[in-house]
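Here's what the structure looks like:
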């Protein structure tokens with residue numbers, strides 16, 4: 001997606017009714033819009049409906065877009081609002097519940113560290129394998145990337161939402177907080193839980 | 001292995017460092033925290049490997065989505081855009 005300057009140009013092209021501009025942004029933003037929608041509503045077909053409804057809202061509101069946030073953040077917030085309403089109507093449990101923010105989920109399994117009554121308490125029993133010693137082709141192999149995709153798909157909803165926006169789509173931390181209406185602290189906590197789970201999945205694969 | 005000498009104020013244990021890796025990578029630490037964190041990494045191969053693994057994981061996630069816009073949805077959206085343009 002274009003930056004701030006690019007946003008103004010893109011908004012002008014959309015306002016002028018340029019179909020190519022609309023096509024480009026609809027395609028480019030789809031993974032992010034779908035990812036946000038899916039995080040709240042669960043079902044694929046419902047998430048696609050949310051994206052469609054969001055675009056109608058975006059077009060209706062385009063004249064009022066003032067560029068106070070980026071176009072992407074503004075659009076993703078519209079998606080999140082519609083998806084939240086939809087989840088409430090369908091009495092679906094929401095992400096970002098207290099359960100999702102369970103502080104006790106460790107980034108690394110506790111048995112990997114030495115106990116309080118051992119020398120160097122809290123230190124690694126055995127160091128993790130240095131991936132920098134692996135051939136690069138191993139990390140870039142399509143099976144490895146497929147594994148990352150699968151691991152992200154299996155995350156709890158709130159973690160999946162945050163890592164999808166932040167690492168998969170490449171939003172800034174501020175954009176994620178604004179889109180999902182969460183605090184920077186919760187954003188980092190969920191991001192770290194998510195990354196830690198995906199890392200653990202990779203570790204099992206790469207060490208095996 | 002970090003040497004918990006206590007010489008530099010609060011020394012993080014490895015178990016603490018793994019919880020703070022994203023705070024570090026996101027630049028969300030105080031100078032004091034960052035100093036203690038980096039000191040630990042300098043002495044601890046295990047934790048510097050872990051932080052690299054988290055960084056690598058985040059980098060590998062970039063773009064790993066198969067969510068492409070379905071053709072029928074794209075056609076519907078384009079229709080909506082044309083309707084909007086006419087109004």
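Residue numbers (my numbering), protein chains in the order written: chain A, 1 to 208; chain B, 1 to 87. Just so it is clear, CB atoms sit at the ideal spot from N, CA and C, and this is done for glycine as well. All figures in this text were calculated on a predicted structure; none of them were measured in a lab.
> If you draw a straight line from the alpha carbon of residue 71 of chain A to that of residue 108 of chain A, how long is it in whole angstroms?
Replying inline: 37 Å
> Do three or more CB pairs link the segment 33 to 50 of chain B to the segment 71 to 85 of chain B at distances below 8 Å?
Replying inline: no
>> Starting from residue 48 of chain A, trace the alpha helix (DSSP H) in both directions and tell me its first and last residue.
In response: 44 to 61
> Which of the three DSSP states, helix, strand or coil, is assigned to residue 43 of chain B?
Replying inline: helix
> Which chain A residues are close to residue 29 of chain B, counting only those with a beta carbon under 7 Å from its beta carbon?
Replying inline: What residue 29 of chain B touches in chain A: nothing, since even the nearest Cβ is about 11 Å away.
> Applying the criterion that 16 or more other CB atoms from any shown protein chain within 10 Å of the CB defines a buried residue, is residue 111 of chain A buried or exposed?
Replying inline: exposed
>> With distance defined between alpha-carbon atoms, name the residue in A:31, A:54, A:188 nearest to residue 169 of chain A.
In response: A:31
> Is it buried or exposed for residue 9 of chain A, if we count other Cβ within 10 angstroms and need 16 for buried?
Replying inline: exposed
> By DSSP, does residue 206 of chain A sit in helix, in strand, or in coil?
Replying inline: helix
> Between the segment 32 to 50 of chain B and chain A, which residues of the former have a C-beta closer than 7 Å to a C-beta of the latter?
Replying inline: 45, 46, 49, 50
>> Contact criterion: CB-CB distance below 8 Å. Does residue 21 of chain B meet it with respect to chain A?
In response: yes
> Where does residue 37 of chain B fall in DSSP's three states?
Replying inline: helix
> Where residue 45 of chain A and residue 39 of chain B are concerned, what is the direct C-alpha to C-alpha distance, given to the nearest angstrom?
Replying inline: 50 Å
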